[in-house]
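Beneath this line is the structure, given in structure tokens, with notes to follow.
Numbering (the working numbering), first residue to last: 383 to 535.
This is the structure in structure tokens:
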């Protein structure tokens with residue numbers, strides 16, 4: 383459906399299938415796994431995490447100021463569909479984050495019996511190399527500042 387998770391503040395959701403437009407708009411705390419989204423996914427997102435195991439529509443991450451999205455990019459169309467005014471696209475390079483991502487895809491497969499997730503897990507090395515991390519620029523700065531502050535103590 384459209385506008386699923388609009389303004390959601392907490393919890394976990396696993397969708398076996400593709401969501402419509404405006405998925406996770408204004409998400410401020412939900413952890414979600416979905417197999418594709420329509421236009422304007424993660425628009426104005428301020429928190430939480432979203433894993434997209436498939437294609438996105440246009441204008442993904444427009445106005446996204448917080449939270450993190452992970453998008454499986456099997457072709458280069460995502461780069462032209464993502465609104466990069468407030469976010470940067472990165473590879474998932476840290477081992478801890480790679481393990482976290484796999485764990486959530488495993489949970490998605492366990493809960494939904496998703497063939498998509500099972501296939502991605504069977505070819506994990508290839509799958510991992512196709513993920514793009516969508517990171518809000520200012521959110522990263524805040525996280526780094528918090529990390530530096532805690533290491534001083």
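The C-beta atom is built at its ideal place from N, Cα and C for all residues, glycine as well.
Would you mind sorting residue i into buried or exposed? The rule is 16 or more other CB atoms within 10 Å of its CB.
| i | result |
| --- | --- |
| residue 437 | buried |
| residue 517 | buried |
| residue 506 | exposed |
| residue 530 | exposed |
| residue 528 | exposed |
| residue 449 | buried |
| residue 567 | Since the first residue of the chain shown is 383 and the last is 535, residue 567 is not available in this structure. |
| residue 458 | exposed |
| residue 500 | exposed |
Compare the C-alpha of residue i against each of the options and name the closest.
| i | options | result |
| --- | --- | --- |
| residue 508 | 474, 385 and 459 | 474 |
| residue 524 | 456, 429 and 445 | 429 |
| residue 397 | 440, 487, 479 and 426 | 487 |
| residue 456 | 384, 402, 512 and 385 | 512 |
| residue 461 | 383, 514 and 522 | 514 |
| residue 432 | 495, 496, 526 and 482 | 482 |
Where does residue i fall in DSSP's three states?
| i | result |
| --- | --- |
| residue 466 | coil |
| residue 493 | helix |
| residue 415 | strand |
| residue 499 | helix |
| residue 458 | coil |
| residue 476 | coil |
| residue 408 | coil |
| residue 524 | helix |
| residue 387 | coil |
Using a Cβ-Cβ cutoff of less than 6 Å, which residues in the same chain neighbour residue i once the five nearest sequence positions on both sides are dropped?
| i | result |
| --- | --- |
| residue 435 | 417, 454 and 498 |
| residue 443 | 424, 464, 465, 469 and 516 |
| residue 400 | 417 and 418 |
| residue 411 | 391, 392, 429 and 430 |
What are the partner residues of residue i, as DSSP defines its beta bridges?
| i | result |
| --- | --- |
| residue 431 | 413 and 450 |
| residue 440 | Answer by DSSP bridge pairing: none, since residue 440 is not bridged. |
| residue 471 | 516 |
| residue 394 | 413 |
Ordered along the chain, which non-local residues of its own chain (more than five positions away) have a Cβ less than 7 Å from that of residue i?
| i | result |
| --- | --- |
| residue 520 | 447 |
| residue 440 | 421 and 463 |
Leaving out five residues on either side along the sequence, give the residues of the same chain with a beta carbon under 8 Å from the beta carbon of residue i.
| i | result |
| --- | --- |
| residue 387 | 395, 405, 406, 407, 409, 412 and 414 |
| residue 480 | 474 and 510 |
| residue 503 | 484, 487, 488, 491 and 509 |
Do residue i and the ligand ZN come close, with the Cβ less than 7 Å from some heavy atom?
| i | result |
| --- | --- |
| residue 524 | The ligand content of the structure shown is nil, which means the ligand ZN is not present either. |
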